[in-house]
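Worksheet: one structure, shown below.
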Amino acid sequence: MDAIAIDQPEVTMSWQGVVRFLHKTPRAFLPMRSFPSLELVAGRGIEGDRYFVGHEAGFYSHKPEEGRQVTLFEMETFEALQRDHKIELLPEEHRRNVTVEGVPLNHLVGRRFRLGEAIVEATRLSTPCRHIEEILGKSVFDPLINRSGLNCKIIAGGTLRVGDAVRPI
Amino acid sequence: MAKAVKTVSTVVSKVEDLGNDTKRFTLVDQDDWELPPFRPGAHIDVHLGQGLVRTYSLCNEPDDDRRYVIAVKREREGRGGSNFLHDRVEVGQPISVSLPRGGIALDQEGTNIFLAGGIGVTPFISAIRHLERRGRSNYVLHWTSRGRPVLTDMIAPAIEAGRVRLYDTNAQAKPVIAAIFEEFAGSGLAACCGPAAMLKTFGDAVSAWPDERKHIEMFTPPKVIARSDVPPYELYLSASNKLATVTPDVGLLGTLDALGVDVPVSCGGGICGACRTRWTEGPPIHRDRVLSPAERQNELIVCVGDCAGQRLVLDL
Numbered sequence: 000m001d002a003i004a005i006d007q008p009e010v011t012m013s014w015q016g017v018v019r020f021l022h023k024t025p026r027a028f029l030p031m032r033s034f035p036s037l038e039l040v041a042g043r044g045i046e047g048d049r050y051f052v053g054h055e056a057g058f059y060s061h062k063p064e065e066g067r068q069v070t071l072f073e074m075e076t077f078e079a080l081q082r083d084h085k086i087e088l089l090p091e092e093h094r095r096n097v098t099v100e101g102v103p104l105n106h107l108v109g110r111r112f113r114l115g116e117a118i119v120e121a122t123r124l125s126t127p128c129r130h131i132e133e134i135l136g137k138s139v140f141d142p143l144i145n146r147s148g149l150n151c152k153i154i155a156g157g158t159l160r161v162g163d164a165v166r167p168i
Numbered sequence: 000m001a002k003a004v005k006t007v008s009t010v011v012s013k014v015e016d017l018g019n020d021t022k023r024f025t026l027v028d029q030d031d032w033e034l035p036p037f038r039p040g041a042h043i044d045v046h047l048g049q050g051l052v053r054t055y056s057l058c059n060e061p062d063d064d065r066r067y068v069i070a071v072k073r074e075r076e077g078r079g080g081s082n083f084l085h086d087r088v089e090v091g092q093p094i095s096v097s098l099p100r101g102g103i104a105l106d107q108e109g110t111n112i113f114l115a116g117g118i119g120v121t122p123f124i125s126a127i128r129h130l131e132r133r134g135r136s137n138y139v140l141h142w143t144s145r146g147r148p149v150l151t152d153m154i155a156p157a158i159e160a161g162r163v164r165l166y167d168t169n170a171q172a173k174p175v176i177a178a179i180f181e182e183f184a185g186s187g188l189a190a191c192c193g194p195a196a197m198l199k200t201f202g203d204a205v206s207a208w209p210d211e212r213k214h215i216e217m218f219t220p221p222k223v224i225a226r227s228d229v230p231p232y233e234l235y236l237s238a239s240n241k242l243a244t245v246t247p248d249v250g251l252l253g254t255l256d257a258l259g260v261d262v263p264v265s266c267g268g269g270i271c272g273a274c275r276t277r278w279t280e281g282p283p284i285h286r287d288r289v290l291s292p293a294e295r296q297n298e299l300i301v302c303v304g305d306c307a308g309q310r311l312v313l314d315l
């Protein structure tokens, strides 16, 4: 697959993770709803999500960004928030699309990896925003700094299911 | 480019004329998606267009999460919000609302004593439906009304069970408010929503109660919460030649927004650096966690910034 042969740093990554939860919402502020699968469309986003290119209705839609096509969050952060800040954050509350376990998200910026049958490229770390505190009524802004997930663009689309593997290319 | 989304988009799915000059409006998402969550007795701002914004309590309970139900009594001498809703709003019409705010911190164990005047019952209908849904009966509602009360259909089981005391003040005496609360002086939550005279009497009756055990719901707009703790200062935008005064209730970012300046704000909390802006006169107050001391000499993160002096000049 020539299309995905980009210049990756010469580091071998040996992790393997799994998709635990999938969420989307059609419009800004509305609760995220859990799904057993999501349709990832290359270059556009997740069908039915508020940042799907061509149907933008998200909080940040007025500031287009390629890397907002799909967003990821680490399961391990739930445990860290509970341990360090006594905050219970639920999978539907962080407002990212894909909750993964065993994936070192903070080390993947600039890299491509497999998300189920899709291929994504990490563009930047997500930053928390005050907006989430307004929606949740939980003081999660500071605790989520550097733990707020990963923004990715979709290089090759496909159906993503809960339980799918996440692995390096 | 799309406009920034600042409100929740809803559609009017039902309008019911309940009589006694009151209409009930049901707002839903266009795809019947769940709406943002709320606490029992919370309220929303309803944006009616052309700057007309009015605040109404939600009548439904948090578990009923795919609709917002508000009840609006026409105030013929009011400021126009209720007349607009009564005369101009129809089924199918899109209406923008704020995220829900506030709500009643219900007493889990003790008795929740609700006192309502007329349409002021709305937040307590939400609270009662919330409690009833959980099979709890630790509340009583004292509700005065001139003539036939409306919205009784929403709390019919509570009325049937004798947990609602109705006072038709056209036909009977008003309740003795002090006596209602006297028997609960040692425990429980006291809450009131109604006309000014009722609120005053209620306030007197529970003046000795600790603050966490009393809740007053005002009909007036929500209290302005200062976004900044600095005195007002002048803001001049040198590139666009715009001038404004930044006040604590609006803040720097709100003032820039009002001036129509499209600053690329992202996190809104001073950590991402998206809104960094050059300043030439100040000195500014820096509250961000992004800029180095050297950068702060000529840049400001405006989403959390302010001015320590009387005039801030930004290169915008």
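If you read the protein sequences in the order shown, they are chains P and G. Numbering-wise (numbering that gives the first Met the number 0), the first sequence opens with residue 0 and increments by one. Numbering-wise (numbering that gives the first Met the number 0), the second sequence opens with residue 0 and increments by one. Quick reminder that beta carbons are idealized off the backbone N, C-alpha and C, glycines included.
Partner residues on chain P for residue i, Cβ-Cβ distance less than 7 Å
i	result
residue 211(G)	Simply none; closest approach about 18 Å.
residue 8(G)	26
Short CB-CB distance (under 8 Å) between residue i and chain P
i	result
residue 3(G)	yes
residue 316(G)	Nothing can be reported for residue 316(G): it is not among the residues displayed for chain G, which extend from 0 to 315.
residue 31(G)	no
residue 270(G)	yes
residue 28(G)	yes
residue 36(G)	yes
residue 300(G)	no
Rounded C-alpha distance that separates residue i from residue j
i	j	result
residue 149(G)	residue 18(G)	7 Å
residue 301(G)	residue 42(G)	30 Å
residue 167(P)	residue 139(P)	30 Å
residue 198(G)	residue 154(G)	23 Å
residue 77(P)	residue 89(P)	7 Å
residue 212(G)	residue 14(P)	53 Å
residue 108(G)	residue 137(G)	7 Å
residue 227(G)	residue 254(G)	12 Å
residue 49(G)	residue 3(G)	17 Å
residue 222(G)	residue 52(G)	Legend: pLDDT at residue 222(G) = 45, less than 50; position of this residue unreliable, no value from coordinates given.
residue 80(P)	residue 304(G)	28 Å
residue 310(G)	residue 75(P)	47 Å
Under 8 Å from the C-beta of residue i: neighbouring residues of chain P
i	result
residue 139(G)	Chain P residues near residue 139(G): none, gap ~28 Å exceeds 8 Å.
is_contact[residue i, chain G] using C-beta, thresh 8 Å
i	result
residue 140(P)	yes
residue 27(P)	yes
residue 130(P)	yes
residue 86(P)	no
residue 60(P)	yes
residue 45(P)	no
Opposing strand residues paired with residue i [DSSP bridges]
i	result
residue 53(G)	45(G)
residue 283(G)	306(G)
residue 98(P)	20(P), 72(P)
residue 240(G)	In the DSSP output, where bridge partners are listed per residue, residue 240(G) has none listed.
residue 16(G)	22(G)
Within chain G, partners of residue i - CB distance below 8 Å
i	result
residue 133(P)	98
residue 127(P)	266, 268, 270
residue 106(P)	None at all; the shortest Cβ gap to chain G is about 20 Å.
9 Å Cβ cut-off: residues of chain G touching residue i
i	result
residue 32(P)	32, 33
residue 22(P)	In chain order: nothing, as chain G lies at least about 12 Å away.
Closer than 7 Å at the beta carbon, the chain G residues around residue i
i	result
residue 173(P)	Absent from the model: residue 173(P). The displayed extent of chain P is 0 to 168, so no value can be given.
residue 144(P)	270
Any non-hydrogen atom of the ligand SAM closer than 7 Å to residue i Cβ
i	result
residue 149(P)	Here there are no bound small molecules, and the ligand SAM is not part of this structure.
Exercise. Check whether the segment 240-248 of chain G touches the segment 264-271 of chain G, counting contact only when three or more Cβ pairs, one atom from each stretch, lie closer than 8 Å.
Key: Three or more Cβ pairs closer than 8 Å define a contact, and the segment 240-248 of chain G falls short of that threshold against the segment 264-271 of chain G.
Practice problem: Determine contact between the segment 86-95 of chain G and the segment 104-120 of chain G, defined as no fewer than three beta-carbon pairs at a distance below 8 Å. | Solution: Short answer: they don't touch.
Quiz item: Touching or not, the segment 188-196 of chain G and the segment 208-218 of chain G, by the rule of three or more beta carbon pairs under 8 Å?
Solution: Judged by pairs of C-beta atoms under 8 Å, the segment 188-196 of chain G touches the segment 208-218 of chain G, as three or more such pairs exist.
Quiz item: Below 8 Å, can you find three or more Cβ-Cβ pairs linking the segment 129-146 of chain G to the segment 154-162 of chain G?
Solution: Yes, since at least three Cβ pairs between the segment 129-146 of chain G and the segment 154-162 of chain G fall closer than 8 Å, the two stretches touch.
Quiz item: Hey, is the segment 146-165 of chain P in contact with the segment 113-127 of chain G, meaning 3+ C-beta pairs nearer than 8 Å?
Solution: Judged by Cβ distances under 8 Å, the segment 146-165 of chain P makes no contact with the segment 113-127 of chain G, as fewer than three pairs qualify.
Self-check item: Meets three-Cβ-pair contact criterion under 8 Å: the segment 45-65 of chain G and the segment 26-33 of chain G
Solution: At 8 Å Cβ cutoff, the stretches touch.
Quiz item: Should the segment 126-136 of chain P be called in touch with the segment 38-55 of chain P, which here means at least 3 C-beta pairs below 8 Å?
Solution: Of all C-beta pairs linking the segment 126-136 of chain P to the segment 38-55 of chain P, fewer than three are shorter than 8 Å, placing the two stretches out of contact.
Quiz item: Can we say the segment 69-77 of chain G touches the segment 176-183 of chain G, given the rule of at least three CB pairs closer than 8 Å?
Solution: No contact exists between the segment 69-77 of chain G and the segment 176-183 of chain G.
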